[in-house]
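Structure, as structure tokens:
Number of protein chains: 2
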Amino acid sequence: MFHNDGFRTLDRQECLRLLAKVPVGRIVYTRQALPAVLPVNFSLDADSSVVLRTSARSELVRAVDGVVVAFEVDEFDASTRSGWSVVVTGRAMVVTDPAQHERLLRTGPRSWAVASDGVFVRIESELVTGREIVGAEDAVGGSASR
Amino acid sequence: MFHNDGFRTLDRQECLRLLAKVPVGRIVYTRQALPAVLPVNFSLDADSSVVLRTSARSELVRAVDGVVVAFEVDEFDASTRSGWSVVVTGRAMVVTDPAQHERLLRTGPRSWAVASDGVFVRIESELVTGREIVGAEDAVGGSASR
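Sequence order for the protein chains is A and B.
The first sequence begins at 1 in my numbering and counts up by one.
The second sequence begins at 1001 in my numbering and counts up by one.
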């Protein structure tokens, strides 16, 4: 639906389609009681969960394993002041099942950085929300953050 | 400096230069005890604080006014598996000073969406961190999240 603030709410299917379009998203979590965010390349698994890979020894794994996190992707065009964003909110879990790990080695995200101890982290897509801004007129108030 | 995981740490000046390059970032905060993230267009003020505009009645203002938030910008190129990200962490405050508000109406971010009751939110750049990934080889472990 369209809102009078220039945003259109995206349904879950639209969100998942857009989520599959982009290679990099941002995992949002809490680090030492402060908000933290880290870009990461990812893949979308068959059950629509977000799968990323990181070092087993990383601060990220310690911070997010078993915890509800947010995962955000977006695309914006400043010239037309249009774009979309999708946020997945759900529990992050390190993949410990050997068969799943083996499968993800073949089908999961490839890494952009180097590590010898990569583990997969799965974020369940419990809540998927998204919105689109469709070239709003130059306005005197409001912002992409409404 | 370079890390063996393919990332280079950016110093504050590099971070601020990159922060000024992009029109849209993502504000990271807590909403009802859950991690939340919202893309927003912004501008960088003279004191290197991040300034965004939103509705005075927005959920965002209620959630972040007076609270420490993170603000993230990035650029990535999947074809070369390279890119950078910068995160500002600091207290967000609604701009209440009339003179500052007046100045930001002229120099602050223009809105992408429509609202008649726009307020400016300033995020102090207390902590500014960034890193660059420089086309790491196709690896079997690690990820952009290390």
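Note that the Cβ used here is the ideal one computed from N, Cα and C, for glycine as well.
Which stretch, first to last residue, makes up the beta strand (DSSP E) that contains residue i?
| i | result |
| --- | --- |
| residue 1026/B | 1024-1031 |
| residue 1070/B | 1067-1077 |
| residue 1050/B | 1050-1055 |
| residue 106/A | Premise fails: residue 106/A lies in the alpha helix (DSSP H), 98-107, not in any beta strand (DSSP E). |
| residue 63/A | Note, residue 63/A: premise wrong, no beta strand (DSSP E); alpha helix (DSSP H) at 59-64. |
| residue 91/A | 82-94 |
| residue 1037/B | 1034-1044 |
Looking at chain B, is there any beta carbon in it that lies within less than 8 Å of the beta carbon of residue i?
| i | result |
| --- | --- |
| residue 30/A | yes |
| residue 15/A | no |
| residue 94/A | no |
| residue 133/A | yes |
| residue 98/A | no |
| residue 20/A | no |
| residue 108/A | no |
Are the beta-carbon atoms belonging to residue i and residue j less than 8 Å from one another?
| i | j | result |
| --- | --- | --- |
| residue 128/A | residue 92/A | no |
| residue 134/A | residue 54/A | no |
| residue 26/A | residue 38/A | yes |
| residue 1044/B | residue 1019/B | yes |
| residue 1119/B | residue 1095/B | yes |
| residue 1052/B | residue 1061/B | no |
| residue 1024/B | residue 76/A | yes |
Name the chain B residues whose beta carbon is nearer than 7 Å to that of residue i?
| i | result |
| --- | --- |
| residue 50/A | Those do not exist, as residue 50/A stays about 12 Å from chain B at its closest Cβ, beyond 7 Å. |
Under DSSP, the alpha helix (DSSP H) around residue i begins and ends at which residues?
| i | result |
| --- | --- |
| residue 110/A | Per DSSP, residue 110/A belongs to no alpha helix (DSSP H) and is neither H nor E. |
| residue 1126/B | Taken as a continuous stretch (DSSP letters only), residue 1126/B belongs to no alpha helix (DSSP H), as it is neither H nor E. |
Name the chain B residues that come within less than 8 Å of residue i, Cβ to Cβ?
| i | result |
| --- | --- |
| residue 24/A | 1074, 1076, 1078, 1083, 1144 |
| residue 69/A | 1035 |
Counting only beta-carbon separations shorter than 8 Å, does residue i have a partner in chain A?
| i | result |
| --- | --- |
| residue 1034/B | yes |
| residue 1089/B | yes |
In chain C, which residues lie less than 7 Å from residue i when you measure between Cβ atoms?
| i | result |
| --- | --- |
| residue 86/A | Here chain C cannot be found, since the structure's protein chains are A and B. |
For the ligand FAD, is there a heavy atom less than 7 Å away from the beta-carbon of residue i?
| i | result |
| --- | --- |
| residue 9/A | Summarising the ligand content, the structure contains no ligands, and the ligand FAD is consequently not present. |
- prompt: Is it a yes or a no for the region 1002-1021 of chain B touching the region 1070-1089 of chain B, going by three-plus beta-carbon pairs under 8 Å?
  reply: Output reads yes: the region 1070-1089 of chain B touches the region 1002-1021 of chain B.
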